[in-house]
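According to mature numbering (1 follows the signal peptide of the UniProt record, and there is no 0), the stretch in the sequence shown is residues -22 to -1, 1 to 92, in order.
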Amino acid sequence: MFWLRLAHVLLTVWLALVSVNSEESEELNPKVLKTIKMRDERKRICLKGPSYGYCKGKRNMWNFSYRNKDCLPFTFSNCGGNQNRFYSYEACMEFCSEKHWKSPDIYDILEDGY
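Written as structure tokens, this is what we have:
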């Protein structure tokens, strides 16, 4: 199963990096690269655990829990911490739901559709 997933990831990355229309251009498509970078940044943020911070304040926030696949409440000190904190459950789920982690379909990203 591991090898199958690895092959899928490598194939996805390769397809994203290869020019969609290799006959016309050998350049990387910037829209595809931007989408992949945004997806990877979301993962990086959402996989971090809750971080209280280092101030003395107390604010109720939401943190995405990868283990639970859900956003959970936690207390934030109002400074420090990490980016995996949101003011509402809805904002947390919108940003961190795993639907955003899937490999992008390069044909959906491209407006030209070639």
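Heads up, the beta-carbon is just placed ideally off N, CA and C, and yes, glycines get one too.
Please read these numbers as outputs of a predicted model, since none were measured by experiment.
**Prompt:** Of all the options Cys24, Lys15, Asn60, Tyr32, which has the alpha carbon lying nearest to the alpha carbon of cysteine 70?
**Reply:** Between cysteine 70 and the set Cys24, Lys15, Asn60, Tyr32, the nearest pair of CA atoms involves Cys24.
**Request:** Could you tell me if glutamate 1 is buried or exposed, where buried requires 16 or more neighbouring beta carbons within 10 angstroms of its beta carbon?
**Result:** Here glutamate 1 scores only 42 on pLDDT, less than 50, and its place in the model should not be relied on; the value that follows carries that caveat. Exposed is the call here.
**Item:** N- and C-terminal bounds of the beta strand (DSSP E) containing residue 101
**Value:** There is no way to answer for residue 101, as the model of the chain reaches only from -22 to 92.
**Request:** Check each candidate in Ser75, Phe64, Glu76, Phe73 and name the one with the smallest Cα separation from tryptophan 40.
**Result:** Answer by Cα proximity: Phe64.
**Prompt:** Whose C-beta lies closer than 7 angstroms to the C-beta of phenylalanine 42 among residues of the same chain, with five residues either side of it excluded?
**Reply:** Excluding sequence neighbours, phenylalanine 42 sits near Cys24, Cys49, Asn62, Cys70, Cys74.
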